[in-house]
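The numbering of the sequence shown is this note's numbering, which starts it at 839 and goes up by one.
Glycine included, C-beta positions come from ideal geometry on N, C-alpha and C.
Okay, so here's the structure we're looking at.
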Amino acid sequence: MGWVKPYYTTAGEYWGPPGVEKIHLDRLAILERFCGSSPLRVLELGAGYGEAASVMADAGHSVVALEFSPTRIPHIQELARRQHVGRLTALEADFYAVDLPKEFDAVCYWDGFGVGSDSDQRRLLRTIASEWVKPEGVVLIDVFNPYRWTVESGKEWALNRNHESHRYHQRRRFNFDPIHGCFLDTWCPIDDTTGEPNEQMAITQKVRCYNPADFKLLLEGTGLELELAEVAGVPVDFTSAGSDRSHPIWNAWSYLVKLSVVGTPN
Ligand SMILES: C[S@@+](CC[C@H](N)C(=O)[O-])C[C@H]1O[C@@H](n2cnc3c(N)ncnc32)[C@H](O)[C@@H]1O
């Protein structure tokens, strides 16, 4: 997993905080749909620039936004200094190394689960179950969907600075490793004067995808169980044949899982 911190740190230099977007409001809506709107104690793992955490804190929740990238954490710290109805705490830490109390009503990991090996994912899931989330608490995770990433493999296009915080024009390229079930996502800055990509500056993230049945297998022995999986609010039906082309999972980059604690991890 040696690439993970340098990748997200450099990525944070290539483009900056996005500001609050619809997706951050959607995450608050997901949290409150499953856990209610009374003030919650929330742990957000891999919180990025902290925008979703800040929106949750504005809604009255007490949120710990955990992030280890030195180019991202300062923005969370800045958001944490602002006034919120609830509370936002920026925690600079590696979630594989941090000690936290078992006091969270909800643990969320948006748009980042899957770095490292299957045993790395299991280790994280076990820690969430045994150390962080309350017995009656909820775990919400976006899981990357292999089908869409496979379909998009080979796609390459140039990105404008589609946000003022983006430092470079970039070339983005998708690939897929069918042996290990990982997507590869490469960002390469484009020189503004020559229009050429600077390959030496290219960075790639390699992230594990799981189809819903395989994610269920991953959970075995972690102390967590799948309560539901859904795409844009549409449930994934494990009793179906799975071939209904109208289901949004055919098109989704990721799906959301809601997990509950079932016992002591093996
Ligand atoms: C794909 S980004 C998603 C960021 C944010 N959740 C979002 O949706 O915009 C994954 C984030 O997880 C962070 N991250 C990855 N591994 C981590 C670890 N072991 N400890 C803390 N943060 C980690 C990265 O630095 C990065 O900011």
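Keeping to the same chain, check which residues put their C-beta closer than 7 Å to that of residue i; ignore five residues upstream and five downstream.
{"i": "residue 917", "result": "888, 892, 926"}
{"i": "residue 1074", "result": "1050, 1067, 1068, 1087, 1093"}
{"i": "residue 1043", "result": "845, 1023"}
{"i": "residue 1059", "result": "1103, 1104"}
Rounded to a whole number of angstroms, what is the C-alpha to C-alpha distance between residue i and residue j?
{"i": "residue 956", "j": "residue 922", "result": "37 Å"}
{"i": "residue 1052", "j": "residue 930", "result": "31 Å"}
{"i": "residue 1097", "j": "residue 851", "result": "34 Å"}
{"i": "residue 1013", "j": "residue 1021", "result": "6 Å"}
{"i": "residue 998", "j": "residue 969", "result": "43 Å"}
{"i": "residue 834", "j": "residue 944", "result": "Any question about residue 834 goes unanswered here, given that the chain covers just 839 to 1104."}
{"i": "residue 958", "j": "residue 964", "result": "10 Å"}
{"i": "residue 994", "j": "residue 1102", "result": "45 Å"}
{"i": "residue 830", "j": "residue 1039", "result": "No statement about residue 830 is possible, as the shown extent of the chain runs from 839 to 1104 and does not include it."}
{"i": "residue 894", "j": "residue 1079", "result": "37 Å"}
{"i": "residue 1037", "j": "residue 1026", "result": "6 Å"}
{"i": "residue 986", "j": "residue 928", "result": "33 Å"}
{"i": "residue 1004", "j": "residue 886", "result": "15 Å"}
{"i": "residue 939", "j": "residue 1063", "result": "21 Å"}
{"i": "residue 978", "j": "residue 1030", "result": "40 Å"}
{"i": "residue 915", "j": "residue 882", "result": "14 Å"}
{"i": "residue 862", "j": "residue 919", "result": "19 Å"}
{"i": "residue 901", "j": "residue 1082", "result": "38 Å"}
{"i": "residue 871", "j": "residue 860", "result": "16 Å"}
{"i": "residue 960", "j": "residue 875", "result": "30 Å"}
{"i": "residue 971", "j": "residue 1028", "result": "43 Å"}
{"i": "residue 869", "j": "residue 890", "result": "11 Å"}
{"i": "residue 937", "j": "residue 1032", "result": "48 Å"}
Can you list, in chain order, the residues of its chain whose CB lies under 8 Å from that of residue i, leaving out five sequence neighbours each side?
{"i": "residue 1016", "result": "988"}
{"i": "residue 896", "result": "922, 923, 924"}
{"i": "residue 1070", "result": "1086, 1090"}
Does any CB atom of chain D fall closer than 9 Å to the CB of residue i?
{"i": "residue 1032", "result": "Here there is only one protein chain, and chain D is not present."}
Quick check on the burial criterion: 16 or more other C-beta atoms within 10 angstroms. Buried or exposed for residue i?
{"i": "residue 855", "result": "buried"}
{"i": "residue 1095", "result": "buried"}
{"i": "residue 1008", "result": "buried"}
{"i": "residue 908", "result": "exposed"}
{"i": "residue 1034", "result": "exposed"}
{"i": "residue 934", "result": "exposed"}
{"i": "residue 1104", "result": "exposed"}
{"i": "residue 867", "result": "exposed"}
{"i": "residue 865", "result": "buried"}
{"i": "residue 976", "result": "buried"}
{"i": "residue 905", "result": "buried"}
{"i": "residue 1076", "result": "exposed"}
{"i": "residue 966", "result": "buried"}
For residue i, which residues in the same chain have their Cβ closer than 6 Å to its Cβ, ignoring the five residues on either side in sequence?
{"i": "residue 842", "result": "953"}
{"i": "residue 878", "result": "899, 943, 944"}
{"i": "residue 848", "result": "1041"}
{"i": "residue 941", "result": "879"}
{"i": "residue 950", "result": "884"}
Just list the residues that DSSP pairs residue i with in beta bridges.
{"i": "residue 995", "result": "1010"}
{"i": "residue 1026", "result": "1009"}
{"i": "residue 855", "result": "In DSSP, residue 855 forms no bridge with anything."}
{"i": "residue 1062", "result": "1099"}
{"i": "residue 1072", "result": "1069"}
{"i": "residue 905", "result": "930"}
{"i": "residue 879", "result": "900"}
{"i": "residue 1043", "result": "1023"}
{"i": "residue 917", "result": "In the DSSP output, where bridge partners are listed per residue, residue 917 has none listed."}
Does any heavy atom of ligand 3 sit closer than 8 Å to the C-beta of residue i?
{"i": "residue 997", "result": "As for ligand 3, it is missing from this structure, which binds only ligand 1."}
Which residues neighbour ligand 1 when neighbourhood means a C-beta less than 6 Å away from any of its non-hydrogen atoms? List them by chain order. The filter returns 842, 846, 884, 885, 886, 904, 905, 906, 907, 910, 932, 933, 934, 948, 949, 950, 953, in chain order.
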